[in-house]
Structures are given as C-alpha cells and as structure tokens.
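J.: Below you'll find the structure I mean.
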Amino acid sequence: GRKWTHVEDLSPALVDQKVLVRGRIHTTRGKGKSAFLVIRQRTATVQAILFADDTTVSKGMVKYATQISKESIVDVEGVVKVPANPIEGCSQKDVELQVTGIRAVSRAAALPFELVDAARSEEEVKAAAERGEIMPTVGQDLRLDNRFLDLRTPANQAIFKLQSAVCQLFKSTLLAEGFQEIHTPKLIAGASEGGAAVFRLDYMGTPACLAQSPQLYKQMAICADCDRVFEVGPVFRAEQSYTHRHLCEFMGLDLEMAIHEHYFEVLDVIEKLFEAIFNGLATTYAKELAVVATQYPFDIPTFKPLRLTFPEGIAMLREGGYPDVDPLGDLNTELERALGRMVKEKYGTDFFILHRYPSAVRPFYTMPCSDDPTYSNSYDVFIRGEEIISGAQRVHDADLLTERAKACGVPVETIQSYIDSFKLGAPPHGGAGVGLERVVMLYCALGNIRKTSMFPRDPKRLTP
Ligand code: 4AD
C-alpha cells in the first residue's frame, strides 16, 4: 500500500518531500488559476494550494478541487513547502502542500451549519458584536440534531478524549489498588435505586426493568468473595427532570469493596482515585484542556483531600447566609453550589467529600451510623459544588435489609435474591457510584451534561 502521512505530522522537516494525506475539505477559496484549500484531519489543519501550470496541474483540476463541497473527504497528494509567512488559522502553519493530485473519496451533502460557526467561542462572538459585526453561532438543539457533524469541532474532539482519559484513569488506579473489573446485567427484575425513575419493559412476558445502577449486583459480587470490584457501564434512569445535569442514560463508574473497620476506607480509595484523575488530566491532557478552554473558558479545578460531615456542612451554610437550612433534609442544587463556594473560599479546593448524611434522604441499602441511626455511613462527593458521586457503607444483614426495604416502600419480592445473598455470610462493605459525564462536565465547567455525552439521552431526546 501507499504511505500515508497524518496532517498533524506535517512539518518543515518534510520540506520538498511528496506526501499523501486523507482529510476533509475544511474551507475552499478559488482565485483565477489557483485554489487554496484547508485540509483537516481530526483537529489538525493544513493549507493546500493548487496552481494551474498546465504541466502537473490543469485548469480542470483546479476547478474540480474548488467544487468539492466542504466536509467532503479527500485524498491529497502534494509536496511539502515552507510558506513565506506562517498560515494563520491552520494548526500546521509552518508548512503548506503544493498539490499534485486530489480525489474526492466521499462527498458531503449540504451542511446544516458551518463547522467554523460551531467552533466559535462566546468571547469571539461578543468581541465581534462590540465591533458591530454579527457572528453566527449554533444552538444546542441544532448541534445535537446533527451531532455527527458537531462532534468534529476541536473542543468536542478534546472533550471525548478527556472522557476516555477519565475512564482509563479510573480503571488503572483501581486495578493498582487491587480491584477487579466486573460486568453486571442491565436487564433486571426490579428497581435498584427506588421505583420512580425506572424504565420498565417486558422480558419474555415477565415485567422487568433496565438497571438504574449496578448496585445490587456489585454487592452480590462482594458476597461472592470478589473483595474489591469496579464496573464501567451504562445506567438507565427514567428521569422526568429536564435539567443541566440529568440524563436518562449515563455512564456509571461504580466501585464496591469489603471494609474492615470503617467506611473511611472507601473514602481513602475515592481520594486516591480523584487525585489520580485530576493530576492525570492536568499533566497528560493539558493540550486537550487548552483546546476546550479556547471555546469554553474555564480554570483547571484544584484538588485537596477534604472531608466534612453533613452537620458541619449545614453549619457552614447556616453561618454563610442560609439560616433556615433543614439539618435533616437533602441539599438542593442551590445549597450544594453555595457550600461549594464556601468550601473553595475557606479551604481552597474544588473537590470535597460530605459524609454522614441523614438516613432519611438515603436509599434503603444504606448503613445507619452505629452511634446515631438518624445519620448514616454515607457520602457524596462534589466538584465545584455539584455532586459527582454518591455512596455508602451498605447494610449486610438480611433481616435489617428487609426491614429497611419495606420501610422505604421497595417491593421486597423483586429483590429477594439480592437479600438472600446476605444470608450465607457477607463481609461489611461499601462503595460508590460516579457519573462519568458529570465528572468531565464539572472538571471543565461546561455547564451542561449534554456537552459531555456523545449522543445524549434526555426526556426529550432519543435520536440521533
Ligand atoms: O446518586 P446515584 O443515583 O447513586 C447510585 O446509583 C448508587 N448506587 C451509588 C452507590 O454506589 N451507592 O448515582 C451516582 C452518581 C451521581 O453522583 C451522579 O454523578 C450520577 O451518578 N448520576 C447521574 N448522571 C447523569 N444523569 C443522571 N440522571 C444521574 N443520576 C445520577
């Protein structure tokens, strides 16, 4: 086969060499006997020039090149040249291609929007408006309707590399901590996180649902002596809430582990995990973070291990301008964000753990505190004052579990096999569930979870 060069590898080191690249037509400009194309491969761009000299390049070829529609995929053969001035706007600005051959491989139909418009930053638009110019932008619904085009922007390319990185860092850190990866069923008999937000379906004539989490099964893996497990898999929630942070399907990064004395053993793992994720992104993925920030400006979040009890959090809120906060209620979005701001100011970290939540606001499987069952051995973890994790030590006694399920209105018959798995001896254990899309959204302060889901599912969207 022929030798292909990546656009991102084109540099003055290749001057006068003949190369072959495959990319998309990013922009085209024809002028008399010449054509100026920008060829894009993923996020790398290079200028390609055709000049009709009637030897290698004919007038017909120049015309053919200028008529290939934007976003079409082309094979370009050319000689690497160093231009007199850098080509501003191209990533490979120190070189250009003197085209000797071009062929359309796959032509693009009319575009629903221009990619350059979709890649424009708000700041650029604002600055233009101040000069009296109108720069087009692309609204979120139009983007999501044409996601396969929208995903080609540099910021989106970077966002999904970051998403992949978070998954890899989650896996590698836990593997190093002695965890094993498991895969649990997504077709299950009953709700795992409470009955309301569950997708129901027919399973060969039996009512069933899509798993709202691997909760019950990761615990059963602990009962099966797996000791420390994690799973990366889809989680389904029939959320009616149309918000910036809820999806109907998201990627759950779950972990579960046997503990010896205290649920703090789980918190130790969570802190190690997020220290690795924060450091891994900031060092190895600095380029991707910078690309995202070009379109959506943000500051890299700070990580410090910090644990506050729920009552301590309530006290901070009460002193900080929310005197009426319910000490035994759950925190709403506004209160969580307010607490996040106060924590940032006082302790200088965008990451913190809040633990010892009131039992009444936690799921049935949560272990009550031994010194005061009003509270529980549970925790939430926050980045920039928004929840990314919830977790707890679990009840590992079958009788107490049955009692708690009944008290919480969970139909015991649908989870009988789960309850039974604790009857043959179960170690004390705890774990956590992380929302992948939320981690990336909050790390990059993107403000909307649809930006970090490749093909988001929300109450109003099932396609593409
Ligand atoms: O808080 P949740 O529902 O907790 C559980 O699923 C437990 N089984 C976890 C455990 O191990 N005890 O979900 C866990 C995380 C949340 O902190 C949030 O990051 C994310 O999953 N999450 C969602 N992300 C997107 N859309 C939704 N609708 C989400 N619901 C929860």
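For the sequence shown, position 184 (counting from the first letter as 1) is numbered 169 according to the working numbering, and the numbering increases by one without interruption. The C-beta atom is built at its ideal place from N, Cα and C for all residues, glycine as well. Note that the structure is a prediction, hence the values are computed from the model and not measured.
1) Tell me the rounded alpha-carbon separation between tyrosine 307 and isoleucine 299.
2) Could you tell me whether any non-hydrogen atom of the ligand 4AD is closer than 7 Å to the CB of arginine 442?
3) What is the rounded straight-line gap between the Cα of valine 23 and the Cα of threonine 13?
4) DSSP on glutamate 56, reduced to helix/strand/coil?
5) Spell out the partners DSSP gives cysteine 152 in its beta bridges.
6) When the Cα atoms are used, what is the spatial distance from glutamine 26 to glutamine 153?
7) Out of Asn362, Val31, Ala275, which has the shortest C-alpha to C-alpha gap to glutamine 83?
8) I'd like to know if glutamine 26 contacts chain D, where contact means its C-beta is closer than 8 Å to some C-beta of that chain.
9) What's the gap between the Cα of glycine 333 and the Cα of cysteine 393?
10) Here's a check: name, in chain order, each residue in its chain whose Cβ is nearer than 8 Å to the Cβ of leucine 493, leaving out the five neighbours to either side.
11) Quick check on DSSP: helix, strand or coil for cysteine 194?
12) By a C-beta neighbour count over all protein chains shown, 10 Å radius and 16 as the cutoff for buried, is tyrosine 360 buried or exposed?
13) Suppose contacts are defined by Cβ-Cβ distances below 8 Å. Is histidine 414 in contact with arginine 379 by that definition?
14) Hey, which unbroken runs of the beta strand (DSSP E) at 3 residues or more fall wholly within the stretch 386 to 432?
15) Mind checking whether isoleucine 72 and glutamate 62 have CB atoms under 8 Å apart?
16) Quick check: the Cα distance between valine 151 and leucine 421, rounded to an integer number of angstroms?
17) Rounding to the nearest angstrom, what Cα-Cα distance links aspartate 315 and histidine 247 in this structure?
18) Between the Cα of leucine 347 and the Cα atoms of Phe295, Gly265, Asp384, Leu302, which residue gives the shortest distance?
19) Taking the straight line between their C-alpha atoms, what separation do you get for valine -8 and aspartate 39?
20) May I ask which residues mark the beginning and end of the beta strand (DSSP E) holding glycine 218?
21) Quick one, which of Gln77, Thr28, Arg7, Ser43 has its alpha-carbon nearest serine -4's?
22) Any idea if isoleucine 119 is buried or exposed, counting beta-carbon neighbours within 10 angstroms, 16 or more meaning buried?
23) Between the C-alpha atoms of isoleucine 373 and glycine 418, what's the straight-line distance to the nearest angstrom?
24) May I have a chain-ordered list of the beta strand (DSSP E) segments no shorter than 3 residues that lie completely inside the stretch 233 to 292?
25) Looking only at its chain, what residues have a beta carbon closer than 6 Å to the beta carbon of aspartate 212, apart from the 5 residues adjacent to it on each side?
26) Please tell me whether, using a cut-off of 7 Å, the distance from the CB of glutamate 422 to the nearest non-hydrogen atom of the ligand 4AD is below it.
27) CA-CA distance, glycine 74 and arginine 185?
28) Using a threshold of 7 Å, is the CB atom of alanine 417 nearer than that to any non-hydrogen atom of the ligand 4AD?
29) Should aspartate 315 be listed as close to the ligand 4AD, given that the test is whether its C-beta is under 7 Å from any heavy atom?
30) Where does aspartate 126 fall in DSSP's three states?
31) Threshold first: 4 residues or longer. Then list the alpha helix (DSSP H) segments lying entirely within the stretch 307 to 352, N to C.
32) Can you tell me where the beta strand (DSSP E) holding leucine 35 begins and where it ends?
33) Tell me whether serine 406 is buried or exposed, calling it buried when 16 or more other Cβ atoms sit within 10 Å of its Cβ.
34) Give me, in chain order, the residues of the same chain whose beta-carbon lies closer than 7 Å to that of leucine 431; leave out the 5 immediate sequence neighbours on both sides.
35) Give me the residue from Gly218, Pro219, Cys233 with the minimum Cα distance to glutamine 225.
36) Under 7 Å: does the beta carbon of histidine 231 sit that close to some heavy atom of the ligand 4AD?
T.: In brief:
1) Looking up residue 307 in the sequence shown gives position 322. Looking up residue 299 in the sequence shown gives position 314. Near 9 Å, if we compare the C-alpha coordinates of isoleucine 299 and tyrosine 307.
2) Within the sequence shown, residue 442 is the residue found at index 457, counting from 1. Every heavy atom of the ligand 4AD is 7 Å or more from the Cβ of arginine 442, so no.
3) Position 38 of the sequence shown, counted from the first residue, corresponds to residue 23. Position 28 of the sequence shown, counted from the first residue, corresponds to residue 13. Computed Cα separation, rounded: 7 Å.
4) Taking the first residue of the sequence shown as position 1, residue 56 is located at position 71. Coil, per DSSP.
5) Counted from its first residue, the sequence shown places residue 152 at position 167. The partner list for cysteine 152 (beta bridge, DSSP) is empty, contrary to what the question assumes.
6) As a working mapping, residue 26 is identified with position 41 in the sequence shown. As a working mapping, residue 153 is identified with position 168 in the sequence shown. About 25 Å.
7) As a working mapping, residue 83 is identified with position 98 in the sequence shown. For the residues Asn362, Val31, Ala275, the minimum Cα distance to glutamine 83 belongs to Val31.
8) Looking at the structure shown, chain D is missing, and only one protein chain is on hand.
9) Counting from one through the sequence shown, the residue named residue 333 turns up at place 348. Counting from one through the sequence shown, the residue named residue 393 turns up at place 408. Those two C-alpha atoms are separated by around 38 Å.
10) Lying outside -14 to 449, the shown extent of the chain, residue 493 is not represented and no answer is given.
11) Residue 194 sits at position 209 when you count from the first residue of the sequence shown. Looking at cysteine 194 - three-state DSSP - the assignment turns out to be strand.
12) Position 375 of the sequence shown, counted from the first residue, corresponds to residue 360. So tyrosine 360 counts as buried.
13) Within the sequence shown, residue 414 is the residue found at index 429, counting from 1. Within the sequence shown, residue 379 is the residue found at index 394, counting from 1. By the CB criterion at 8 Å, histidine 414 and arginine 379 fall inside the cutoff.
14) 414 to 420
15) To locate residue 72, count along the sequence shown from 1; it is residue 87. To locate residue 62, count along the sequence shown from 1; it is residue 77. Result no, Cβ atoms of isoleucine 72 and glutamate 62 do not sit closer than 8 Å.
16) In the sequence shown, residue 151 corresponds to position 166, counting from 1. In the sequence shown, residue 421 corresponds to position 436, counting from 1. Taking the straight line joining both Cα atoms gives about 8 Å.
17) Within the sequence shown, the letter at position 330 stands for residue 315. Within the sequence shown, the letter at position 262 stands for residue 247. Using only the alpha carbons, I get a separation of about 23 Å.
18) Along the sequence shown, one-based indexing puts residue 347 at 362. Looking at the sequence provided, one finds arginine at residue 347 rather than leucine. Considering only alpha carbons, the answer is Phe295.
19) Against the sequence shown, residue -8 aligns to sequence position 7. Against the sequence shown, residue 39 aligns to sequence position 54. Straight-line Cα distance between these residues: approximately 27 Å.
20) Taking the sequence shown and counting its residues from 1, the one referred to as residue 218 is at position 233. It spans 213 to 221 - the beta strand (DSSP E) in which glycine 218 sits, taken as one unbroken run.
21) Here residue -4 is taken as the residue at index 11 of the sequence shown, counted from 1. Of the listed residues, the one whose Cα sits closest to serine -4 is Gln77.
22) Taking the first residue of the sequence shown as position 1, residue 119 is located at position 134. Exposed: under 16 other Cβ atoms inside 10 Å.
23) Counted from its first residue, the sequence shown places residue 373 at position 388. Counted from its first residue, the sequence shown places residue 418 at position 433. Taking the straight line from one Cα to the other gives about 8 Å.
24) 234 to 243
25) Counting from one through the sequence shown, the residue named residue 212 turns up at place 227. Here the set comprises Ala243.
26) Residue mapping note: residue 422 aligns to position 437 of the sequence shown, counting from 1. Yes, the Cβ of glutamate 422 comes within 7 Å of a heavy atom of the ligand 4AD.
27) The residue you call residue 74 lines up with position 89 of the sequence shown. The residue you call residue 185 lines up with position 200 of the sequence shown. Straight-line Cα distance between these residues: approximately 51 Å.
28) Within the sequence shown, the letter at position 432 stands for residue 417. Answer for alanine 417: yes, Cβ within range of the ligand 4AD.
29) Walking along the sequence shown from the start, residue 315 turns up at place 330. When distances are taken from the beta-carbon of aspartate 315 to the heavy atoms of the ligand 4AD, even the shortest one reaches 7 Å or more.
30) Looking up residue 126 in the sequence shown gives position 141. In the structure shown, aspartate 126 sits in a helix (DSSP, three-state: H, G or I).
31) 318 to 332
32) On the sequence shown, residue 35 is found 50 positions in, with the first residue counted as 1. Taken as a continuous stretch (DSSP letters only), the beta strand (DSSP E) holding leucine 35 covers 29 to 36.
33) One-based indexing of the sequence shown puts residue 406 at position 421. So serine 406 ends up on the buried side.
34) Taking the first residue of the sequence shown as position 1, residue 431 is located at position 446. Tyr281, Thr437.
35) If you number the sequence shown from 1, residue 225 lands on position 240. Selected option, being the one with the closest Cα: Cys233.
36) Here residue 231 refers to the residue found at position 246 of the sequence shown. For histidine 231, the shortest separation between its Cβ and any heavy atom of the ligand 4AD lies below 7 Å.
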